[in-house]
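Chemist: For the record, the sequence lines run as chains A and B. Counting in the working numbering, the first sequence runs from 534 upward without gaps. Counting in the working numbering, the second sequence runs from 534 upward without gaps. Handing you a structure now.
Number of protein chains: 2
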Amino acid sequence: MTELKNDRFLRALLRQPVDVTPVWMMRQAGRYLPEYRETRKKAGSFMDLCTNPDLACEVTLQPLERFPLDAAILFSDILTIPDAMGLGLYFEEGEGPRFKTPLRDEKQIMALGVPDPEQELRYVMDAVRTIRRELHARVPLIGFSGSPWTLATYMVEGGSSKGFHTIKAMMYERPELLDRLLETVDAAVTLYLNAQIAAGAQAVMIFDTWGGALTPRDYCHFSLKPMERIIKSLKRENEGRKVPVILFTKNGGQWLEAMTDTGADALGLDWTTDLGDARRRVGGQVALQGNLDPSVLYASPPHIREQVARVLASFGQGNGHVFNLGHGIHPDVNPEHAGAMVEAVHELSKPYHE
Amino acid sequence: MTELKNDRFLRALLRQPVDVTPVWMMRQAGRYLPEYRETRKKAGSFMDLCTNPDLACEVTLQPLERFPLDAAILFSDILTIPDAMGLGLYFEEGEGPRFKTPLRDEKQIMALGVPDPEQELRYVMDAVRTIRRELHARVPLIGFSGSPWTLATYMVEGGSSKGFHTIKAMMYERPELLDRLLETVDAAVTLYLNAQIAAGAQAVMIFDTWGGALTPRDYCHFSLKPMERIIKSLKRENEGRKVPVILFTKNGGQWLEAMTDTGADALGLDWTTDLGDARRRVGGQVALQGNLDPSVLYASPPHIREQVARVLASFGQGNGHVFNLGHGIHPDVNPEHAGAMVEAVHELSKPYHE
């Protein structure tokens with residue numbers, strides 16, 4: 534095992550002391566970067582880019598060349614698992630992801646198999662191994678998966694959804710069938726994340742993009758419980774080091790206490806929750822990651838700096854904060870503005886760690 | 534003043550005793566009803582329907598013919614005010630509302646006038662008067678407006694928005710300019726709601742559809758403060774009766790305490806907050822309105838009944854609850870399912886009022 538040159542991110546997730554607050558950005562490898570758009574053109578389709586480990590590695594490293602980020606995140610899509618289950622993922626320009634054969638009846642759900650990550654999802658594991666090698670221990674690599682509930686919404690709706698009509702009809706009408714689907718997805722996510730850890734991911738994050746569309750009761754049952762089962766089954770140590778788990782439910786600010794009880798090391802927060810309030814509520818049991826409104830990056834650097842200062846001040850003195858946006862960086866953001874944010878975080882956070 | 538035949542709704546908003554929990558549905562006059570679709574066809578465009586007081590009255594009363602609802606709500610659009618300000622509202626099929634001349638520079642914002650409700654918005658006041666007459670005091674009539682922040686998002690973005698890029702850039706870059714815009718809209722909403730009250734609205738509701746897209750700090754400043762100014766300037770008594778004010782911020786479950794301090798009589802809740810928790814948090818200072826997930830209506834009547842029972846149980850014994858969906862009824866819901874919900878509320882809520 535090579536010693537990490539910069540382990541701030543991992544230390545902060547475990548609430549250990551750091552010199553400055555570590556920072557990365559959700560979707561930091563993405564369309565706002567001209568070099569990403571170049572590689573994407575070279576690759577062909579979006580899935581061609583995801584399934585090519587060398588190109589996936591290339592785009593993963595691009596933001597690190599530009600900005601002194603404290604973590605890299607695997608470039609991939611959250612829908613690789615349902616694709617490997619045979620649902621036929623494809624992308625329509627400007628339409629978002631779609632599945633050729635969404636799950637519409639009981640028979641399909643009962644027949645669903647759990648993919649072997651080193652077979653059907655080998656391209657993801659190869660990307661993890663390639664990125665780890667090419668990172669040369671500069672910063673840690675984050676692996677990730679969508680949450681079972683989030684994956685299930687796409688699998689049942691057949692793509693992005695505004696109202697989640699089909700899956701919610703199933704939830705209220707046939708809850709046991711949805712439970713069955715979630716158990717299968719849950720098993721698949723567990724294998725997938727453990728394989729990413731074995732392949733070299735040094736932290737993992739579960740993206741629960743759509744848990745916030747549920748009632749508190751349904752969130753606990755259909756989104757949080759499956760995530761908790763996954764967290765309890767993860768390999769939490771590798772290469773002699775702890776592998777922290779980050780749980781992020783978009784619009785989940787009302788449920789932080791319940792999320793804390795899952796055993797996650799850190800919770801991701803969007804910008805609708807005050808970081809200081811969240812810190813008091815989780816009572817030092819978990820680290821917090823977030824939570825600048827991504828739209829702040831439309832403002833000019835001095836205003837970005839001002840808003841970064843606010844987020845840092847709201848967390849306050851001490852350990853356990855990873856700075857991030859509250860959601861993925863917008864594709865039409867000026868990359869220099871992202872740079873201004875990263876710089877401001879490192880510079881302005883020093884006093885909070887003295 | 535004619536005595537109301539059914540005043541449960543007004544009594545519940547003021548936390549007075551009722552025999553059963555009153556119920557109405559956001560967008561109860563709407564596309565899920567075949568008779569609405571008929572009138573809409575007859576009217577021509579959506580705005581033709583809104584601006585015709587007789588037809589607006591007709592669709593307002595349609596759901597009351599079908600279901601024993603405890604309130605009627607004025608049929609109108611939330612964007613009538615910006616339209617009257619000269620922004621040129623129009624609707625593109627499947628695209629939602631658009632403005633011909635969105636606000637893009639300081640000059641436009643400084644030049645914005647406040648419409649006289651009995652002039653430029655006379656068609657709305659005429660609709661209120663017509664509906665009041667045709668209701669024959671069966672149930673109270675609710676007037677409404679969009680919140681200043683919500684109206685401003687459409688005015689600046691030029692229509693519906695996913696990320697609110699333009700207005701958020703203004704918010705972070707030129708907060709004083711946004712303040713100025715909100716003050717103008719705020720004055721317009723105050724006049725508009727007071728005119729609706731004078732014309733016969735017996736309760737008013739402020740729809741803050743997009744306040745939940747803000748940070749807690751920005752929500753307080755740019756959305757809640759303008760709403761509080763409005764509430765403090767409303768005529769709260771008319772025809773010898775109190776005119777209750779309902780405040781609804783979608784995705785505002787984290788800010789109920791602050792919302793309570795505005796002086797509103799009741800808060801609307803979407804389904805992401807537990808009604809019982811909300812009740813404890815607001816400590817009997819306001820009534821609560823909500824909060825069934827509108828997608829429950831995709832399930833069959835026995836399952837609808839089950840979920841209605843859950844919402845009633847979560848509020849529990851006593852006064853101060855108006856049953857509603859947590860958001861507008863979906864256009865593809867079977868009207869019989871809406872009926873099953875209304876029936877279940879009246880039937881199952883009796884024990885909570887004994």
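Every residue, glycine too, gets a C-beta built ideally from N, C-alpha and C. Please read these numbers as outputs of a predicted model, since none were measured by experiment.
Between which two residues does the beta strand (DSSP E) harbouring B/E625 extend?
Modeler: L622 to E625
Chemist: Report yes if the C-beta distance between B/L566 and B/P834 is below 7 Å; otherwise report no.
Modeler: no
Chemist: Taking the CB atoms as reference points, tell me whether A/F856 and A/V878 lie closer together than 7 Å.
Modeler: Taking 7 Å as the Cβ cut-off, A/F856 and A/V878 qualify as a contacting pair.
Chemist: For the region 738-759 of chain A, list every residue whose C-beta sits within 9 Å of some C-beta in chain B, in sequence order.
Modeler: G745, A746, L747, T748, P749, R750, D751 and Y752
Chemist: For A/H836 and B/T748, what's the separation of their Cα atoms in angstroms?
Modeler: 15 Å
Chemist: A/A848 by DSSP, collapsed to three states: which one?
Modeler: The residue asked about is misnamed: residue 848 of chain A is Phe in this sequence, not Ala. Residue state, collapsed to three classes: helix.
Chemist: So within the region 757-810 of chain B, which uninterrupted alpha helix (DSSP H) runs reach at least 4 residues, ignoring any that extend past its ends?
Modeler: 758-765 and 789-793
Chemist: From A/K656 to A/P673, what does the alpha carbon distance come to, in whole angstroms?
Modeler: The sequence as given places Tyr at residue 656 of chain A; Lys does not occur at that position. So the two alpha carbons sit approximately 20 Å from each other.
Chemist: Assuming contact is defined by CB atoms lying nearer than 7 Å, are B/S882 and B/L858 in contact in what I supplied?
Modeler: no
Chemist: Are the beta-carbon atoms belonging to B/R662 and B/A732 less than 7 Å from one another?
Modeler: yes
Chemist: I need the DSSP call for B/G861, collapsed to helix, strand or coil.
Modeler: The DSSP-derived three-state label of B/G861 is coil.
Chemist: Where B/A736 and B/V776 are concerned, what is the direct C-alpha to C-alpha distance, given to the nearest angstrom?
Modeler: 5 Å
Chemist: Note down, in chain order, every chain A residue with its Cβ under 8 Å from the Cβ of B/A702.
Modeler: Per Cβ cutoff of 8 Å: S828, Y831 and A832.
Chemist: When the distance is taken between beta carbons, is B/L597 closer than 7 Å to B/A487?
Modeler: An answer regarding residue 487 of chain B cannot be provided, because it is not within the stretch 534 to 887 covered by chain B.
Chemist: Under 7 Å, do B/Q822 and B/G801 count as touching if we go by C-beta distance?
Modeler: Contact check for B/Q822 against B/G801 passes: the beta carbons are separated by less than 7 Å.
Chemist: With distances taken between CB atoms, is the gap from B/L645 to B/T554 smaller than 7 Å?
Modeler: no
Chemist: Could you spell out where the beta strand (DSSP E) holding B/L543 opens and where it closes?
Modeler: No beta strand (DSSP E) contains B/L543, which is instead part of the alpha helix (DSSP H) from R541 to L546.
Chemist: Are A/A734 and A/L757 close, meaning C-beta to C-beta below 7 Å?
Modeler: No, these two residues do not count as a Cβ contact at 7 Å.
Chemist: Output, in chain order, the set of chain B residues within a Cβ distance shorter than 9 Å of A/F698.
Modeler: Note that residue 698 of chain A is His in the sequence shown here, rather than Phe. The contacting residues are S828, Y831, H863 and D865.
Chemist: For the region 671-691 of chain B, list every residue whose C-beta sits within 8 Å of some C-beta in chain A, in sequence order.
Modeler: none
Chemist: Starting from B/P650, trace the beta strand (DSSP E) in both directions and tell me its first and last residue.
Modeler: Careful: B/P650 lies outside any beta strand (DSSP E) and carries neither H nor E.
Chemist: Can you list, in chain order, the residues of its chain with a C-beta nearer than 6 Å to that of A/I664? Leave out the 5 residues immediately preceding and following it.
Modeler: Once the five neighbours on either side are set aside, the close Cβ partners of A/I664 are C590, T593 and L674.
Chemist: For A/S833, which of helix, strand or coil comes out of DSSP?
Modeler: coil
Chemist: Do we get a CB-CB distance below 7 Å when we pair A/Q787 with the residues of chain B?
Modeler: yes
Chemist: Rounded C-beta distance between B/R560 and B/I862? I'm assuming under 8 Å.
Modeler: With a Cβ gap of about 5 Å, B/R560 and B/I862 count as contacting.
Chemist: Where A/E761 and A/T795 are concerned, what is the direct C-alpha to C-alpha distance, given to the nearest angstrom?
Modeler: 5 Å
Chemist: Could you spell out where the beta strand (DSSP E) holding B/Q822 opens and where it closes?
Modeler: Taken as a continuous stretch (DSSP letters only), the beta strand (DSSP E) holding B/Q822 covers A820 to L825.
Chemist: Between B/N539 and B/D603, is the Cβ-Cβ spacing less than 7 Å?
Modeler: yes
Chemist: Quick one: is B/Y725 near chain A, going by C-beta distance under 7 Å?
Modeler: no
Chemist: Considering just the uninterrupted stretch of the alpha helix (DSSP H) at A/D603, what are its terminal residues?
Modeler: No alpha helix (DSSP H) contains A/D603, which DSSP labels as neither H nor E.
Chemist: Could you tell me whether the Cβ atoms of A/V551 and A/H886 are closer together than 7 Å?
Modeler: yes
Chemist: Any beta carbon of chain A sitting closer than 7 Å to that of B/H836?
Modeler: Yes, B/H836 lies at the interface with chain A (some Cβ there is under 7 Å from its Cβ).
Chemist: For B/K705, would you say it is in contact with chain A, using Cβ-to-Cβ distances shorter than 7 Å as the test?
Modeler: This sequence places Tyr at residue 705 of chain B; Lys is not what is there. So, interface residue.
Chemist: Quick one: give me the first and last residue of the beta strand (DSSP E) that A/F632 is part of.
Modeler: G629 to F632
Chemist: Thinking C-alpha only, which one of B/V722, B/M643 and B/R813 is nearest B/W682?
Modeler: Distances from the alpha-carbon of B/W682 to those of B/V722, B/M643 and B/R813 put B/V722 closest.
Chemist: Where B/E667 and A/P864 are concerned, what is the direct C-alpha to C-alpha distance, given to the nearest angstrom?
Modeler: Distance between the alpha carbons of B/E667 and A/P864: 52 Å.
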